[in-house]
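Protein chains: 4
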Amino acid sequence: MEKTRKSGTTSPRLSREESQARTRERLIETATRLFVGQGYGGTSIRDIAEQAGYSQGAFYSNFESKESLLLEMLRRHMAGEAAHLATLSERAGTSLETVLDDLEAWASTLDQDINWSMLSIELQMQAQRSTTFAVAYRAVWQQHRDALAVWLAQLFAAHGLQPPVGIEALAASFMALAHGLALQRASTGTEVSGRMMVVLLRGLLAMARPA
Amino acid sequence: MEKTRKSGTTSPRLSREESQARTRERLIETATRLFVGQGYGGTSIRDIAEQAGYSQGAFYSNFESKESLLLEMLRRHMAGEAAHLATLSERAGTSLETVLDDLEAWASTLDQDINWSMLSIELQMQAQRSTTFAVAYRAVWQQHRDALAVWLAQLFAAHGLQPPVGIEALAASFMALAHGLALQRASTGTEVSGRMMVVLLRGLLAMARPA
Amino acid sequence: MEKTRKSGTTSPRLSREESQARTRERLIETATRLFVGQGYGGTSIRDIAEQAGYSQGAFYSNFESKESLLLEMLRRHMAGEAAHLATLSERAGTSLETVLDDLEAWASTLDQDINWSMLSIELQMQAQRSTTFAVAYRAVWQQHRDALAVWLAQLFAAHGLQPPVGIEALAASFMALAHGLALQRASTGTEVSGRMMVVLLRGLLAMARPA
Amino acid sequence: MEKTRKSGTTSPRLSREESQARTRERLIETATRLFVGQGYGGTSIRDIAEQAGYSQGAFYSNFESKESLLLEMLRRHMAGEAAHLATLSERAGTSLETVLDDLEAWASTLDQDINWSMLSIELQMQAQRSTTFAVAYRAVWQQHRDALAVWLAQLFAAHGLQPPVGIEALAASFMALAHGLALQRASTGTEVSGRMMVVLLRGLLAMARPA
DNA sequence: GATGAATGAGAGTTCATTCAT
DNA sequence: AATGAATGAACTCTCATTCAT
Numbered sequence: 001m002e003k004t005r006k007s008g009t010t011s012p013r014l015s016r017e018e019s020q021a022r023t024r025e026r027l028i029e030t031a032t033r034l035f036v037g038q039g040y041g042g043t044s045i046r047d048i049a050e051q052a053g054y055s056q057g058a059f060y061s062n063f064e065s066k067e068s069l070l071l072e073m074l075r076r077h078m079a080g081e082a083a084h085l086a087t088l089s090e091r092a093g094t095s096l097e098t099v100l101d102d103l104e105a106w107a108s109t110l111d112q113d114i115n116w117s118m119l120s121i122e123l124q125m126q127a128q129r130s131t132t133f134a135v136a137y138r139a140v141w142q143q144h145r146d147a148l149a150v151w152l153a154q155l156f157a158a159h160g161l162q163p164p165v166g167i168e169a170l171a172a173s174f175m176a177l178a179h180g181l182a183l184q185r186a187s188t189g190t191e192v193s194g195r196m197m198v199v200l201l202r203g204l205l206a207m208a209r210p211a
Numbered sequence: 212m213e214k215t216r217k218s219g220t221t222s223p224r225l226s227r228e229e230s231q232a233r234t235r236e237r238l239i240e241t242a243t244r245l246f247v248g249q250g251y252g253g254t255s256i257r258d259i260a261e262q263a264g265y266s267q268g269a270f271y272s273n274f275e276s277k278e279s280l281l282l283e284m285l286r287r288h289m290a291g292e293a294a295h296l297a298t299l300s301e302r303a304g305t306s307l308e309t310v311l312d313d314l315e316a317w318a319s320t321l322d323q324d325i326n327w328s329m330l331s332i333e334l335q336m337q338a339q340r341s342t343t344f345a346v347a348y349r350a351v352w353q354q355h356r357d358a359l360a361v362w363l364a365q366l367f368a369a370h371g372l373q374p375p376v377g378i379e380a381l382a383a384s385f386m387a388l389a390h391g392l393a394l395q396r397a398s399t400g401t402e403v404s405g406r407m408m409v410v411l412l413r414g415l416l417a418m419a420r421p422a
Numbered sequence: 423m424e425k426t427r428k429s430g431t432t433s434p435r436l437s438r439e440e441s442q443a444r445t446r447e448r449l450i451e452t453a454t455r456l457f458v459g460q461g462y463g464g465t466s467i468r469d470i471a472e473q474a475g476y477s478q479g480a481f482y483s484n485f486e487s488k489e490s491l492l493l494e495m496l497r498r499h500m501a502g503e504a505a506h507l508a509t510l511s512e513r514a515g516t517s518l519e520t521v522l523d524d525l526e527a528w529a530s531t532l533d534q535d536i537n538w539s540m541l542s543i544e545l546q547m548q549a550q551r552s553t554t555f556a557v558a559y560r561a562v563w564q565q566h567r568d569a570l571a572v573w574l575a576q577l578f579a580a581h582g583l584q585p586p587v588g589i590e591a592l593a594a595s596f597m598a599l600a601h602g603l604a605l606q607r608a609s610t611g612t613e614v615s616g617r618m619m620v621v622l623l624r625g626l627l628a629m630a631r632p633a
Numbered sequence: 634m635e636k637t638r639k640s641g642t643t644s645p646r647l648s649r650e651e652s653q654a655r656t657r658e659r660l661i662e663t664a665t666r667l668f669v670g671q672g673y674g675g676t677s678i679r680d681i682a683e684q685a686g687y688s689q690g691a692f693y694s695n696f697e698s699k700e701s702l703l704l705e706m707l708r709r710h711m712a713g714e715a716a717h718l719a720t721l722s723e724r725a726g727t728s729l730e731t732v733l734d735d736l737e738a739w740a741s742t743l744d745q746d747i748n749w750s751m752l753s754i755e756l757q758m759q760a761q762r763s764t765t766f767a768v769a770y771r772a773v774w775q776q777h778r779d780a781l782a783v784w785l786a787q788l789f790a791a792h793g794l795q796p797p798v799g800i801e802a803l804a805a806s807f808m809a810l811a812h813g814l815a816l817q818r819a820s821t822g823t824e825v826s827g828r829m830m831v832v833l834l835r836g837l838l839a840m841a842r843p844a
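Those protein sequence lines, which keep their order, are chains W, S, B and E.
Under my numbering, the residues of the first sequence are numbered 1 to 211, in order.
Under my numbering, the residues of the second sequence are numbered 212 to 422, in order.
Under my numbering, the residues of the third sequence are numbered 423 to 633, in order.
Under my numbering, the residues of the fourth sequence are numbered 634 to 844, in order.
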């Protein structure tokens, strides 16, 4: 499979692997768009393949099943979020204002990337129904929550404060709020910006006692 | 199925309307249970009718379509929530502790009545997909948000405080949080209790400036 | 379901049940024809429904699955064969010539009813692949073999002869021969009549020792 | 898959033709195994290629189509059986016991080589469906029957007996019985050994009149 | 000669909905 | 009002086969 792939010098045409990677990429893009717009259950493989410009068979050359495509999306989702959180954590020791700006920036990313938010909710709904998927989803979710918890812990510690509730419950709540807002935006069109998260965090800091 | 068969001659009280109301009621109950467990898309009318002990035709004698059943549910959901909010509002003027206890009580209702929470999310997902439904959903949602906003306004006013952000955004955020937590509970099994809402509200009060 | 079915006096139209029975019958007839001609695997439900003049859905209103249709066929096959064997057994005590004529008559039934023979082979092939089906098939097959064995035992006893091999093995062999001849006829067009069975039985009687 | 990759420089003996022959051989072996276990229709080319350690394309480099592979199998089947019959015929003039032992040996070969038996039935089923295939099958089948008929004729002649029915019908019947028994064994698990053939032949000899 | 991604047709099955009874 | 057989469209998925590499 990877034997003769030195690809010469310029390669005016796509090699086999490149071509398949492209197909796969297009299918994922199309599927993401459709899942967001019509939901996982409301999107057929026919739709995905057709809109991506391929046959249904092409889908099955690239993914084992509809659910395995969703798992692939979950993996990518995870990778993206992990990167965000890493950035957040890196700067957790600096001034409070900087840190809260970082949070707001992250939150507004969620706001803008409505796709990911809705997809994330699709993922959660699917997790409720498929055991296979639930296991995978839970693992990813815990990783996120833990990373966020670490960041929050650093934040409170840096200001000599004691969090008013368990740090993991706090992290979970922020994630819940982000998802809830995304759902609300999608279903009612209301724009309650990610700023709310900053406001709430400020409130928590305001009420916290010294450690 | 064989319950009202003998009523022909002797039971003048279970009139046709009452009998149909009963059918309707049972269909709604069964449908709620199934939607919560398997989702709107994952539940067939055959399932609903069968489990309720009727035929598919009986369903269509009572509802125009699958979606119109969901609209009926939405109406009932609304009525229930309105009642809750009314209670909450009634006592908004009393001591802070009482009021926060009320909030926590309401929040824990959401916690316990996982059925309604999940159904509520199903409703939101459906609102994203069906224009008909979206219009109805938005109206109901705004009523809720406004009632909650009024309650929050009373709360801040009673303590001579100025809310740190628009009162409607605040109300919307609390609803988003409630839904996000329900979704989280369903998909990850995590129990971050409705207490978080009280904690956050305390934080907001702690950071608020005098009016 | 059976409540108001007194059917009056003449019923110019088909009642609900009659109408469905008709549909079911037509589907089975069509399916038999197609299975015989193109095999079980080679016949699609689409084909069956279309050729019978119904929708695919109608098929599923009448049968749970493709295999359950085959099971229904097996049941009918069994009933038919059982009737044949009963007739055979009834007259087992009469003169040898009569009895052998009966056997030949039965064998030539197999000959002529090529449909059943080929279907029977389809059933056997399916039994090799589906566990569900194998269990059902084995039960039916054993019943047949036992009935045939009883008949053969009566035959040998009536002439004071001792069968040269176990009576059940003998019965099984006759069934195998009947199926093998059917298969041969279908695949090569060769007409080796069911008379062979009579010839072989005569041979067995000729070589048998007194009991 | 990785076996012949190093042969580039040092192995002048595994020529292209030999290498291809090897591929072909492995595909046939694997296909035989799979057809027997899952049937012709139940076996995909993907399965065959994968299990043999090749790509689907390799299959099509070696065979025109799925059916042409089956034709190749038929050819080999024929060759093998022809060899058996030749051995049988060679010794047809010796004592009756020897000859019947030979028959039983052949029959038990069929018994043991359940693979060939089931494949043979697959071939017959396919012959019923494909005209191309049917023509080829019929030719092979007639050759077999004729060879067997010659052997039977020699047998009767050697004992100065006159066969009770046409010698070709007799041969066809024995083949039918062999196939029927194989089918029975596969579908019901019943072991009615090939000894039955010997018993029946003895019966025929017992009832035969002098020539 | 061998690869395997992609095709296109078709498989079995499900489902919201209709309508004669 | 209630029945449930029948519809017709859509579903996920499989497969023999093709063809650029």
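Think of the CB as a built atom: it goes at the ideal place given N, C-alpha and C, for glycine as much as any other residue.
Close partners of residue 653(E) in chain B (Cβ separation under 8 Å) are lacking, with about 31 Å as the shortest Cβ gap. Uninterrupted beta strand (DSSP E) stretches at least 3 residues long and entirely within the region 560-610 of chain B do not occur. Counting along the chain, residue 490(B) sits inside the alpha helix (DSSP H) bounded by residues 488-512. About 6 Å separates the beta carbons of residue 77(W) and residue 116(W), which is inside the 8 Å limit, making them a contact pair.
The beta carbon of residue 407(S) falls within 8 Å of a beta carbon belonging to chain W, placing the residue at that interface. Listed along chain B is no residue with a C-beta nearer than 7 Å to that of residue 777(E); the closest approach is about 10 Å. Note that the C-beta distance between residue 129(W) and residue 250(S) is below 8 Å. At a C-beta separation below 7 Å, residue 164(W) has these neighbours in chain S: 410.
Three or more Cβ pairs closer than 8 Å define a contact, and the region 355-365 of chain S falls short of that threshold against the region 147-163 of chain W. Ranked by Cα distance from residue 265(S), the options 283(S), 338(S), 242(S) are led by 242(S). For residue 595(B), the closest alpha carbon among the candidates 680(E), 669(E), 802(E), 816(E) is that of 816(E). Contacts between residue 671(E) and chain B, judged by CB atoms closer than 8 Å, involve 551 in chain order.
For residue 774(E), the residues of chain B that pass the 9 Å Cβ criterion are 606, 609, 610, 612, in the order they occur in the chain. Rounded to whole angstroms, the separation of the alpha carbons of residue 558(B) and residue 803(E) is 34 Å.
A contact between stretches requires three or more CB pairs, one per stretch, nearer than 8 Å, and the region 366-374 of chain S fails this requirement with the region 185-202 of chain W. Listed along chain E is no residue with a C-beta nearer than 9 Å to that of residue 500(B); the closest approach is about 14 Å. Our two residues, residue 179(W) and residue 547(B), have alpha carbons roughly 54 Å apart in a direct line.
Approximately 14 Å separates the beta-carbon atoms of residue 725(E) and residue 794(E); this is outside 8 Å, ruling out the contact.
The contact set of residue 154(W) on chain S, defined by CB atoms closer than 7 Å, is empty, because the minimum CB distance reaches about 19 Å.
Residue burial is scored here from C-beta neighbours: residue 414(S) has at least 16 other C-beta atoms within 10 angstroms and is therefore classed as buried.
Within chain S, the residues 252, 340 have their CB atoms less than 8 Å from the CB of residue 42(W), given in chain order.
Measuring C-alpha to C-alpha distances from residue 650(E) to each of 689(E), 677(E), 694(E) identifies 694(E) as the nearest. Residue environment analysis places residue 821(E) among the buried positions, since at least 16 neighbouring C-beta atoms fall within 10 angstroms of its C-beta. In the DSSP assignment, residue 832(E) falls within the alpha helix (DSSP H) that extends over 828-840.
Using a Cβ distance threshold of 8 Å, residue 200(W) and residue 100(W) do not count as a contacting pair.
Counting along the chain, no alpha helix (DSSP H) covers residue 253(S), and no H or E run does either. Counting the other CB atoms within 10 Å of its CB gives residue 307(S) a total below 16, which places it among the exposed residues. As the crow flies, the alpha-carbon of residue 544(B) is around 11 Å from that of residue 456(B).
Residue contact check for residue 546(B) against chain E: a CB pair falls below 8 Å.
Chain S places a beta carbon closer than 8 Å to that of residue 177(W), counting this residue as a contact. Annotation: the continuous alpha helix (DSSP H) that includes residue 694(E) extends over 689-695. With the criterion set as a beta carbon lying under 8 Å from some beta carbon of chain S, the region 62-95 of chain W has no members that meet it. Minimum Cα-Cα distance from residue 542(B) among the listed residues 459(B), 445(B), 629(B), 628(B) corresponds to 459(B). Take the alpha-carbon of residue 267(S) and the one of residue 479(B): they are about 15 Å apart. Taking C-alpha positions only, residue 742(E) is separated from residue 777(E) by approximately 16 Å.
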